[in-house]
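**Q** Residue numbering for the sequence shown follows full-length UniProt numbering, beginning at 1 and increasing consecutively.
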Amino acid sequence: MAKKIVSHSGLRIQQALSKSGSDNVDKLVPKLAKTGPWNPWVVFRDSDTACPVELYRKLMSSTPPNPAFLLRIVHPMSEGWLMADAQSFSQYFKVPVNKIPADTETLTHAKRHLLSLCIKSRSVNIRNDVVRPDGTTGPLYAPRINDFAEKYWDVRTAAQNSPSLHRALARLEELRSFLLTR
């Protein structure tokens, strides 16, 4: 998903880091934020149940301002941004579009909601790949999510339904402008 958002903004990714777990991301933020303008970084981090504003302040409190570093708090979870393109999500995951909330940012646990939708998917493959019978993530959860994000998810449509994604795109445009003028 991050690659799609960044490329949608006209930026190229030279190196992508995927850290499992928010604690690992949190430890990396101060280091990446201190890099110079010749080495820009964009970090996406789910807010989970935390207040996004407070989480941002906490993560950035010890770092000096850096126009080449962008931390975006995904509210509440990246799955919410994916479901914000309800039509594409419905078609790919074979779930009724009317079961996808119009405002995915009000979901307290977007991933859990996504799993609850997929466990009732009309597609046996989606059900088996994405979610286990006990409601936890299935064996092909990440590949399916990545396939959807890369090939079917419409960032522009999702941003119209997700204020936090809309703000992230605006900040990426500012970063792009900064990088073009230096």
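Built from N, CA and C at the ideal position, the CB exists for glycine as well. This structure is a prediction, so every number in the text was calculated from the model and none was measured.
Looking at C-alpha atoms only, which residue of Arg112, Gln91, Val131 and Ser162 is the closest neighbour of Asp48?
**A** As a position in the sequence shown, residue 48 is number 48, starting the count at 1. Answer by Cα proximity: Arg112.
**Q** If I follow the unbroken alpha helix (DSSP H) through Ile126, where does it start and stop?
**A** Locating residue 126 in the sequence shown gives position 126, counting from the first residue. Taken as a continuous stretch (DSSP letters only), the alpha helix (DSSP H) holding Ile126 covers Val124 to Val130.
**Q** According to DSSP, what are the bridge partners of Ile5?
**A** Residue numbering aside, residue 5 sits at position 5 when the sequence shown is read from its first letter. DSSP, once it has assigned bridges, lists no residue as partnering Ile5.
**Q** In the DSSP assignment, the beta strand (DSSP E) including Leu117 goes from what residue to what residue?
**A** Locating residue 117 in the sequence shown gives position 117, counting from the first residue. Taken as a continuous stretch (DSSP letters only), Leu117 belongs to no beta strand (DSSP E), being part of the alpha helix (DSSP H) at Ala110 to Cys118.
**Q** Heavy atom of the ligand FMN less than 7 Å from the Cβ of Pro52, yes or no?
**A** No copy of the ligand FMN occurs in the structure displayed, which carries no ligand at all.
**Q** Taking the beta strand (DSSP E) that Ile100 belongs to, which residues open and close that run?
**A** For the purposes of this step, residue 100 is identified with residue 100 of the sequence shown, where counting begins at 1. From DSSP, Ile100 is part of no beta strand (DSSP E); its letter is neither H nor E.
**Q** Please state whether the Cβ-Cβ distance between Leu59 and Val29 is less than 8 Å.
**A** Locating residue 59 in the sequence shown gives position 59, where the first residue counts as 1. Locating residue 29 in the sequence shown gives position 29, where the first residue counts as 1. Cβ distance < 8 Å, so Leu59 and Val29 count as in contact.
**Q** Would you mind stating whether Ser9 and Glu173 have Cβ atoms separated by less than 8 Å?
**A** Looking up residue 9 in the sequence shown gives position 9. Looking up residue 173 in the sequence shown gives position 173. Yes. Within cutoff.
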